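J.:
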Amino acid sequence: MASILILGGFLSMFTSTVVNVALGTIAAGFRASLGTAQWIATGYLLALAAMVPVSGWASRRFGTTRLWLGCVGLFAGFSALCATATSIEALIVFRVLQGAAGGLLVPAGQILFAMAAGPKRLGRMMAVLSIPIYLAPVLGTLAGSVLTERFGVPWLFLVNVPIAVIGLLLGRKWLPRDGPAVAQPLDRRGLALTVTGLPLLVYGFAETAPIPVAAGAILLAVFAVTALRSPAPLLDLRLFGDRAFASAAAVIFGMGAALFGAMIVLPLYYLDVRHESLVATGFLTAPLALGTVLALPLAGRLTDRIGGARVIFAGLIVTIAGTVPLALLTGSDGYWWLSAVQFVRGCGIGLTTTPALAAGLVSVPRERVSHAMPLFAMLQRIGGSFGTSILTVLVAARLAAAPGTAAAIAGTHWWIVGITAIVLIPSWLLVRAEARLS
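Under the working numbering, the first residue of the sequence shown is numbered 1, with each subsequent residue one higher.
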């Protein structure tokens with residue numbers, strides 16, 4: 001199951017970055033502006049976010065395996081349509097549809113796997129499924145450069161088709177056949193509020209636009225009020241009444257901000273301070289993902305053995321230890337030293353995020369897992385967008401005051417240290433909550 005479901009997660013995350021390095025080439029090929037071509041990436045990410053709240057209801061309505069297989073098939077079809085698009089407008093539409101299918105893949109796979117694994121194996125199983133989330137974006141950036149240069153733009157999308165076909169064939173044979181759960185009416189009001197509010201919030205943070213942020217926050221606040229009153233909400237927010245679940249959710253939000261926000265800062269050091277190429281920057285920042293991926297199996301085993309809360313707390317300490325040297329950057333630091341520091345930071349991240357998922361799910365009944373996983377995914381996306389927005393503004397202001405200086409990048413990393421340190425508070429609450437449960 002893990003090997004098959006990883007293919008779906010890989011498709012969704014790999015495609016989110018493989019196109020980014022080729023936006024200029026795509027714009028030139030369609031004789032469009034770069035601002036218009038940017039929507040090829042933005043539209044995909046917004047559709048990805050919009051579908052996350054729907055994934056729980058869809059898995060209950062159609063069956064999780066059927067939903068996963070259907071989305072893999074749709075993803076392959078929309079990828080082929082992207083490769084054959086004859087206008088920039090058509091390509092944007094197909095990318096949005098591709099993002100809608102991809103937005104259901106990761107949560108559906110996590111729901112299916114969490115229900116099959118059971119509480120005693122959650123740590124190891126969630127660690128396996130998290131590998132593509134951290135590895136695929138790095139591979140996507142590197143592969144995007146090679147595919148564009150050697151084979152042409154259509155192969156940025158066609159590369160997904162054989163992976164999806166393999167996933168379909170294996171999934172039809174090996175994934176368990178779960179049927180639809182007890183039919184519940186679709187919470188149409190909740191659906192409308194979340195599929196508009198979440199993308200608006202994510203887009204507003206990404207573009208540092210206060211009006212979309214405010215509109216998205218209001219819509220999600222209204223959803224929260226109505227969901228708590230509804231007998232059959234789209235997502236069951238009553239789960240936050242459990243202290244362990246709420247603490248794990250806070251950790252996931254905070255680490256989303258610290259992780260994804262930081263991913264935009266260090267590349268600027270290599271690009272603007274050390275004047276490296278985009279491809280070289282991709283290789284130089286890869287040790288972070290490598291450390292994360294290598295730490296995930298250890299995190300899973302430790303979580304199942306001693307509980308996720310203590311693993312998370314230790315992971316946060318390691319993350320801070322790997323971030324402080326980046327806050328002391330100079331313009332002449334050795335690349336081997338920087339790679340080692342990133343590797344340590346990656347190990348800390350690997351010891352933090354997946355155990356948080358497992359710790360948050362321990363007290364969740366099986367029938368409510370389809371509510372819990374989308375909530376965690378939403379919080380991670382909102383946290384990532386929030387962190388990216390805040391840190392982008394900070395590093396831009398510092399670089400404007402001192403262009404091309406390592407001090408501007410280093411100073412921004414102190415903020416990342418601070419954000420990570422704040423996450424120690426909910427992680428300690430999670431340690432106490434987990435101790436009570438045991």
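Built from N, CA and C at the ideal position, the CB exists for glycine as well.
Please read these numbers as outputs of a predicted model, since none were measured by experiment.
Does the CB of W68 have a neighbour CB from chain E at under 9 Å?
T.: Note that chain E does not occur in the displayed structure, where there is just one protein chain.
J.: Distance check for Y44 and L379, CA to CA, integer angstroms please.
T.: In the sequence shown, counting from the first residue as 1, residue 379 sits at position 379. In the sequence shown, counting from the first residue as 1, residue 44 sits at position 44. Cα-Cα distance, rounded: 18 Å.
J.: Whose CA, out of A262, W155 and A358, lies closest to the CA of G300?
T.: Residue 300 sits at position 300 when you count from the first residue of the sequence shown. Minimum Cα distance to G300 is reached at A358.
J.: Count Cβ pairs between the stretch 223-237 and the stretch 254-269 that sit closer than 8 Å; are there 3 or more?
T.: no
J.: Using the C-alpha atoms, what's the distance from G118 back to T65?
T.: Here residue 65 is taken as the residue at index 65 of the sequence shown, counted from 1. Here residue 118 is taken as the residue at index 118 of the sequence shown, counted from 1. When rounded, the distance between both Cα atoms is 17 Å.
J.: Is the stretch 168-185 close to the stretch 91-101, with three or more CB pairs under 8 Å?
T.: These segments do not touch.
J.: Is I166 helix, strand or coil when you go by DSSP?
T.: The residue given as residue 166 occupies position 166 in the sequence shown. Three-state DSSP puts I166 in a helix.
J.: My output table needs one value for L467: the three-state DSSP class, helix, strand or coil.
T.: Because residue 467 is not part of the residues shown, which for the chain are 1 to 438, the question remains open.
J.: DSSP three-state call for P297: helix, strand or coil?
T.: Numbered from 1 along the sequence shown, position 297 holds the residue referred to as residue 297. Here P297 sits in helix by DSSP.
J.: Grab the span of the alpha helix (DSSP H) containing Y44 for me, first residue to last.
T.: Numbered from its first residue, the sequence shown carries residue 44 at position 44. Start and end: L34 to F62.
J.: Under the three-state reduction of DSSP, which class applies to T405: helix, strand or coil?
T.: On the sequence shown, position 405 is the one that residue 405 refers to. Coil at T405, not helix or strand.
J.: Here's the rule I'm using: 16 or more other beta-carbon atoms within 10 Å means buried, otherwise exposed. How should V318 be labelled?
T.: Reading the sequence shown from its first residue, position 318 is the one you call residue 318. Buried: at least 16 other Cβ atoms inside 10 Å.
J.: Identify the continuous alpha helix (DSSP H) that holds V281 and give its terminal residues.
T.: Counted from its first residue, the sequence shown places residue 281 at position 281. Here residue 281 is Thr; the residue named in the question, Val, does not match the sequence. For T281, the enclosing alpha helix (DSSP H) has its first and last residue at L278 to L284.
J.: Just mark I403 as buried or exposed, buried being the case when its beta carbon has 16 or more other beta carbons within 10 Å.
T.: Taking the first residue of the sequence shown as position 1, residue 403 is located at position 403. The sequence shown places Pro at residue 403, not Ile. P403 should be labelled exposed.
J.: Excluding the 5 residues preceding and the 5 following V18 in the sequence, name in chain order all residues of the same chain whose CB lies nearer than 6 Å to its CB.
T.: Position 18 of the sequence shown, counted from the first residue, corresponds to residue 18. Result list for V18: G140, A143, G144 and L156, in chain order.
J.: Do T196 and V54 count as a contact pair if the criterion is CB distance below 9 Å?
T.: Mapped onto the sequence shown, residue 54 falls at position 54. Mapped onto the sequence shown, residue 196 falls at position 196. Against a cut-off of 9 Å, the Cβ pair of T196 and V54 comes out as no contact.
J.: Taking Cβ positions, are L351 and L430 nearer each other than 9 Å?
T.: The sequence position of residue 351 within the sequence shown is 351, counting from 1. The sequence position of residue 430 within the sequence shown is 430, counting from 1. It is not a contact, given that the beta carbons lie outside the stated cut-off.
J.: Measuring alpha carbon to alpha carbon, tell me which of I419, S427, T392 and W428 ends up nearest A209.
T.: For the purposes of this step, residue 209 is taken as the residue at position 209 of the sequence shown. Out of I419, S427, T392 and W428, T392 has the C-alpha closest to the C-alpha of A209.
J.: Looking only at its chain, what residues have a beta carbon closer than 6 Å to the beta carbon of G123, apart from the 5 residues adjacent to it on each side?
T.: For the purposes of this step, residue 123 is identified with residue 123 of the sequence shown, where counting begins at 1. Hits under 6 Å: G300, T303, D304 and A358.
J.: To the nearest angstrom, how far is the alpha carbon of Q342 from that of A309?
T.: Here residue 342 refers to the residue found at position 342 of the sequence shown. Here residue 309 refers to the residue found at position 309 of the sequence shown. Rounded to the nearest whole angstrom, the CA to CA distance from Q342 to A309 is 23 Å.
J.: Among residues of its own chain, excluding the 5 on either side of G73, which ones have a beta-carbon nearer than 8 Å to its beta-carbon?
T.: The residue you call residue 73 lines up with position 73 of the sequence shown. Excluding residues within five positions, the ones whose Cβ falls inside 8 Å are A164 and L168.
J.: For A280 and V324, what's the separation of their Cα atoms in angstroms?
T.: To locate residue 280, count along the sequence shown from 1; it is residue 280. To locate residue 324, count along the sequence shown from 1; it is residue 324. So the alpha carbons of these two residues sit roughly 24 Å apart.
J.: Please report the straight-line C-alpha distance between A27 and Y269, rounded to a whole angstrom.
T.: One-based indexing of the sequence shown puts residue 27 at position 27. One-based indexing of the sequence shown puts residue 269 at position 269. Straight-line Cα distance between these residues: approximately 27 Å.
J.: Measuring CA to CA, which of S59, F205, A244 and R345 is closest to M255?
T.: Translated into positions along the sequence shown, residue 255 becomes position 255. Comparing Cα positions, the closest option is R345.
J.: How would you label I419, buried or exposed, when you count the other beta carbons within 10 angstroms and need 16 or more for buried?
T.: Your numbering for residue 419 matches position 419 in the sequence shown. With 16 or more other Cβ atoms within 10 Å, it is buried.
J.: Shortest alpha-carbon distance to S332 belongs to which of F386, T405 and W68?
T.: Position 332 of the sequence shown, counted from the first residue, corresponds to residue 332. Taking only the C-alpha atoms, the option nearest S332 is T405.
J.: Can you give the beta carbon distance from F240 to A246, rounded, assuming they're within the 8 Å contact cut?
T.: Here residue 240 refers to the residue found at position 240 when the sequence shown is read from its first residue. Here residue 246 refers to the residue found at position 246 when the sequence shown is read from its first residue. About 5 Å separates the two Cβ atoms, so the contact holds.
J.: Taking the straight line between their C-alpha atoms, what separation do you get for L201 and F376?
T.: For the purposes of this step, residue 201 is taken as residue 201 along the sequence shown, with counting starting at 1. For the purposes of this step, residue 376 is taken as residue 376 along the sequence shown, with counting starting at 1. Near 16 Å, if we compare the C-alpha coordinates of F376 and L201.
J.: Assuming A257 and G387 are in contact, meaning their beta carbons sit under 8 Å apart, how far apart are those beta carbons, in whole angstroms?
T.: As a working note, residue 257 is residue 257 in the sequence shown. As a working note, residue 387 is residue 387 in the sequence shown. That pair is a contact at about 3 Å.
J.: Report all residues from its chain with a CB closer than 6 Å to the CB of W414; omit the five preceding and five following residues, and keep chain order.
T.: For the purposes of this step, residue 414 is taken as residue 414 along the sequence shown, with counting starting at 1. The residues are A327.
J.: Between which residues of its own chain and M51 is the CB-CB distance below 7 Å, once the five residues before and five after are set aside?
T.: Here the question's residue 51 lines up with position 51 in the sequence shown. Excluding sequence neighbours, M51 sits near A100, G103 and L104.
J.: With a CB to CB cut of under 6 Å and the five nearest residues on each side skipped, what residues in its chain are close to M373?
T.: Position 373 of the sequence shown, counted from the first residue, corresponds to residue 373. Same-chain partners within the cutoff: P107, Q110 and I111.
J.: In the structure shown, what three-state DSSP assignment does V417 receive?
T.: What you label residue 417 is simply residue 417 of the sequence shown in a count that begins at 1. Here V417 sits in helix by DSSP.
J.: Give the DSSP-derived three-state secondary structure of G126 in the structure shown.
T.: Residue numbering aside, residue 126 sits at position 126 when the sequence shown is read from its first letter. Per the sequence shown, the amino acid found at residue 126 is Met instead of Gly. Residue state, collapsed to three classes: helix.
J.: Taking 9 Å as the cut-off, decide whether the C-beta atoms of V479 and L278 are in contact.
T.: This structure cannot settle anything about residue 479, because the visible part of the chain is limited to 1 through 438.
J.: Less than 7 Å between C-beta atoms, sequence neighbours within five positions excluded: which residues of the same chain meet that for E367?
T.: One-based indexing of the sequence shown puts residue 367 at position 367. Cβ neighbours of E367 beyond the five flanking positions: none.
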